[in-house]
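**Q** This is the structure I have questions about; it appears just below.
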């Protein structure tokens, strides 16, 4: 199975 | 008459106050039940998102950019996690894609669990049509990323796939039925 690199969310607000 | 009415009025006011307190408490309980009834303790989350159209519009209008799922767990005393979705995308996916992220949350038993979080994570958008062509992506946590460290706040920074699925693929396939999508993590 292929695994991708997780990327951090850019949004820092918390709805 | 004034003499007898005054205490009654005080009592009535007190009851009104108590009623609003109870209303708030009931609403809290409703929410708690909803979370409890949909919580999973086997490491698999199925997240049902209703009212896709309205929520997508709210994301486009930047009213509500993202939605959080109910929390789920790897076991009764395991890691606490949830999913976060941006129906109008985040980062590189902004305006073109649905972005899907995974969030490690602060849990009751973190002190007893190994850190950083190392479990493999699979993100999926369920196809509700007969062909069941679910869309998925999988990742192994990056041990150097702050997203997988032991949470110091209620939630770590979400990590996942900003380009999870393009909005055109999502909206032309059979991923939306009855204005509802299902995400599996």
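Protein chains in written order, with my numbering: chain A, 1 to 15; chain B, 16 to 200. All C-beta atoms, glycine included, are put in the ideal place defined by N, C-alpha and C.
At a CB-CB cut-off below 7 Å, which residues of chain A make contact with residue 172 of chain B?
**A** Taking the first residue of the second chain as position 1, residue 172 of chain B is located at position 157. Those within 7 Å of residue 172 of chain B in chain A are 8, 9.
**Q** Which of helix, strand or coil does DSSP assign to residue 8 of chain A?
**A** Indexing the first chain from 1 puts residue 8 of chain A at position 8. Strand at residue 8 of chain A.
**Q** Give me the Cβ distance between residue 117 of chain B and residue 138 of chain B, rounded to the nearest whole Å; I'm assuming they're in contact under 8 Å.
**A** For the purposes of this step, residue 117 of chain B is identified with residue 102 of the second chain, where counting begins at 1. For the purposes of this step, residue 138 of chain B is identified with residue 123 of the second chain, where counting begins at 1. Contact holds; Cβ gap of about 7 Å.
**Q** For residue 116 of chain B, which residues in chain A fall below 9 Å Cβ to Cβ?
**A** Residue 116 of chain B sits at position 101 when you count from the first residue of the second chain. Chain A residues near residue 116 of chain B: 6, 7, 8, 9.
**Q** Could you give the DSSP three-state label for residue 181 of chain B: helix, strand or coil?
**A** One-based indexing of the second chain puts residue 181 of chain B at position 166. In the structure shown, residue 181 of chain B sits in a strand (DSSP, three-state: E or B).
**Q** Spell out the partners DSSP gives residue 152 of chain B in its beta bridges.
**A** Numbered from its first residue, the second chain carries residue 152 of chain B at position 137. According to DSSP, which records beta bridges pairwise, residue 152 of chain B is partnered with B/138.
**Q** Tell me the rounded alpha-carbon separation between residue 156 of chain B and residue 133 of chain B.
**A** Here residue 156 of chain B corresponds to residue number 141 of the second chain, with the count starting at 1. Here residue 133 of chain B corresponds to residue number 118 of the second chain, with the count starting at 1. Cα to Cα, the separation comes out at about 6 Å.
**Q** In terms of residues, what are the limits of the alpha helix (DSSP H) holding residue 39 of chain B?
**A** As a working note, residue 39 of chain B is residue 24 in the second chain. Note, residue 39 of chain B: alpha helix (DSSP H), 17-53.
**Q** Is it true that the CB of residue 106 of chain B sits closer than 9 Å to the CB of residue 56 of chain B?
**A** Stepping through the second chain from its first residue, residue 56 of chain B is reached at position 41. Stepping through the second chain from its first residue, residue 106 of chain B is reached at position 91. Contact: no.
**Q** Residue 174 of chain B to residue 7 of chain A, Cα distance in whole Å?
**A** Looking up residue 174 of chain B in the second chain gives position 159. Looking up residue 7 of chain A in the first chain gives position 7. Each residue's alpha carbon lies about 5 Å from the other.
**Q** Run down chain A in chain order and give the residues with a C-beta less than 8 Å from the C-beta of residue 153 of chain B.
**A** For the purposes of this step, residue 153 of chain B is taken as residue 138 along the second chain, with counting starting at 1. Result: 1, 2, 3, 4.
**Q** Would residue 175 of chain B pass as an interface residue toward chain A - the criterion being a Cβ-Cβ separation below 9 Å?
**A** In the second chain, counting from the first residue as 1, residue 175 of chain B sits at position 160. With 9 Å as the cut-off, residue 175 of chain B counts as an interface residue toward chain A.
**Q** Report the three-state DSSP secondary structure of residue 200 of chain B (helix, strand or coil).
**A** Position 185 of the second chain holds residue 200 of chain B. Of the three classes helix, strand and coil, the one that applies to residue 200 of chain B here is coil, per DSSP.
**Q** Residues of chain A with a CB under 9 Å from the CB of residue 106 of chain B: which are they?
**A** Here residue 106 of chain B corresponds to residue number 91 of the second chain, with the count starting at 1. Under the 9 Å cutoff, chain A gives 7, 8, 9, 10, 11.
**Q** Closer than 8 Å by beta-carbon distance: list the chain A residues that pair up with residue 157 of chain B, in chain order.
**A** Translated into the one-based positions of the second chain, residue 157 of chain B becomes position 142. Residues of chain A passing the Cβ test: 5, 6.
**Q** Determine contact between the region 187-199 of chain B and the region 28-39 of chain B, defined as no fewer than three beta-carbon pairs at a distance below 8 Å.
**A** No, they do not touch.
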